[in-house]
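Chains as they are written, first to last, in the working numbering: chain L, 3 to 200; chain E, 16 to 151. Presented below is the structure to which this report refers.
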């Protein structure tokens, strides 16, 4: 459920006034997306949950310094992004980026239609597995762009990059995801689709 | 042509992304966050506060420095004349004479000395112990 600016500022004032329970409303509002973003970055549920919890504790502690220059959501996602980067640095294990062969024999249209022939649940699992194989930052950007529908300027505030760089990064991330989907879709699925088309 | 390809890619990825759902953390996530926040709040409430705050130390230092400066430079021309200071008056004091007459056995002397040393050791040990108990 989307929170309006007024509702948000009322809750922020309640929290600043010492009402810890009011904070749970805020946590409930953002926990799913913060957890999804952390999971896409870190690729591990336990770690993602720890980092999400850490994110909200940091948000609570720094809320008194929140001036409202940016949207609260943008600020929360920035805290989450930085916490994930800290965790990755601590782990010292970067996600192994896989080479994507963008010159696939199957055109995008075929891939799209082949995906459509699968059951919805199967489609979801395939896409989720492919997102898991995508580099953390790319998966983070795509999730933020499509789920929260933030503008490029807002995303640039979250990841501390210029809007143009974000635009290019999202385009590359799209290409990589399509490449991973090409590699991961069972050849039989595509062949089955091609047979039905002919 | 390239623009067409880009649009097709955008449409394809948007379609794929919207098919996935947001992941949800474990059921008691919010409760755990609130618990962590409350623990954090409590830790700040009983955080270490020195007995004498910094501004008091600054005040004391300022007082000593200004008093010394006043006595040394401003209260001229009668500064302390250290060599002429005499403690001869103590020799005539009855209490001092009685104290000087008291003789203590060597064992008592060593026992008192040992007690003093033990107290000096115990103070840092106890301070360390209470500090640790407060932080954990």
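Ideal Cβ placement from N, Cα and C applies to all residues, glycine included. Just so we're clear, the structure is a prediction, and the values are computed from it rather than from any experiment.
Using the beta-carbon count (16 or more within 10 Å), is residue i buried or exposed?
{"i": "residue 21 (chain L)", "result": "exposed"}
{"i": "residue 28 (chain L)", "result": "buried"}
{"i": "residue 56 (chain L)", "result": "buried"}
{"i": "residue 88 (chain E)", "result": "exposed"}
{"i": "residue 65 (chain E)", "result": "exposed"}
{"i": "residue 80 (chain E)", "result": "exposed"}
{"i": "residue 31 (chain L)", "result": "buried"}
{"i": "residue 19 (chain L)", "result": "exposed"}
{"i": "residue 116 (chain E)", "result": "exposed"}
{"i": "residue 141 (chain E)", "result": "exposed"}
{"i": "residue 135 (chain L)", "result": "buried"}
{"i": "residue 42 (chain L)", "result": "buried"}
When the cut-off is 9 Å and only beta carbons count, does residue i lie next to chain E?
{"i": "residue 105 (chain L)", "result": "With a pLDDT of 44 at residue 105 (chain L), under the threshold of 50, the modelled position of this residue cannot be trusted; read the value that follows with caution. Chain E, which has no Cβ nearer than 9 Å to the Cβ of residue 105 (chain L), makes this no."}
{"i": "residue 62 (chain L)", "result": "yes"}
{"i": "residue 204 (chain L)", "result": "Outside the shown range of chain L (3 to 200) lies residue 204 (chain L), about which nothing can therefore be said."}
{"i": "residue 79 (chain L)", "result": "no"}
{"i": "residue 33 (chain L)", "result": "yes"}
{"i": "residue 66 (chain L)", "result": "no"}
{"i": "residue 10 (chain L)", "result": "no"}
Is it true that the CB of residue j sits closer than 9 Å to the CB of residue i?
{"i": "residue 58 (chain L)", "j": "residue 28 (chain E)", "result": "no"}
{"i": "residue 52 (chain L)", "j": "residue 89 (chain L)", "result": "yes"}
{"i": "residue 38 (chain L)", "j": "residue 145 (chain L)", "result": "yes"}
{"i": "residue 142 (chain L)", "j": "residue 83 (chain L)", "result": "yes"}
{"i": "residue 175 (chain L)", "j": "residue 137 (chain L)", "result": "yes"}
{"i": "residue 117 (chain L)", "j": "residue 125 (chain L)", "result": "yes"}
{"i": "residue 62 (chain L)", "j": "residue 13 (chain L)", "result": "no"}
{"i": "residue 113 (chain L)", "j": "residue 179 (chain L)", "result": "no"}
{"i": "residue 148 (chain L)", "j": "residue 32 (chain E)", "result": "yes"}
{"i": "residue 34 (chain L)", "j": "residue 38 (chain E)", "result": "yes"}
{"i": "residue 169 (chain L)", "j": "residue 187 (chain L)", "result": "no"}
{"i": "residue 40 (chain E)", "j": "residue 54 (chain L)", "result": "yes"}
{"i": "residue 122 (chain L)", "j": "residue 34 (chain E)", "result": "yes"}
{"i": "residue 152 (chain L)", "j": "residue 86 (chain L)", "result": "no"}
{"i": "residue 81 (chain L)", "j": "residue 67 (chain L)", "result": "no"}
Checking contacts by CB at 9 Å: is residue i closer than that to chain L?
{"i": "residue 147 (chain E)", "result": "no"}
{"i": "residue 133 (chain E)", "result": "no"}
{"i": "residue 136 (chain E)", "result": "no"}
* Asked: Can at least three beta-carbon pairs, one atom from the segment 70–83 of chain L and one from the segment 116–136 of chain L, be found at a separation below 8 Å?
  -> As far as the Cβ criterion goes, the segment 70–83 of chain L does not touch the segment 116–136 of chain L, which means the pair count is below three.
* To do: Taking only beta carbons into account, state which residues of the segment 64–86 of chain E come closer than 7 Å to chain C, listed in chain order.
  => In the structure shown, chain C does not exist; the protein chains are L and E.
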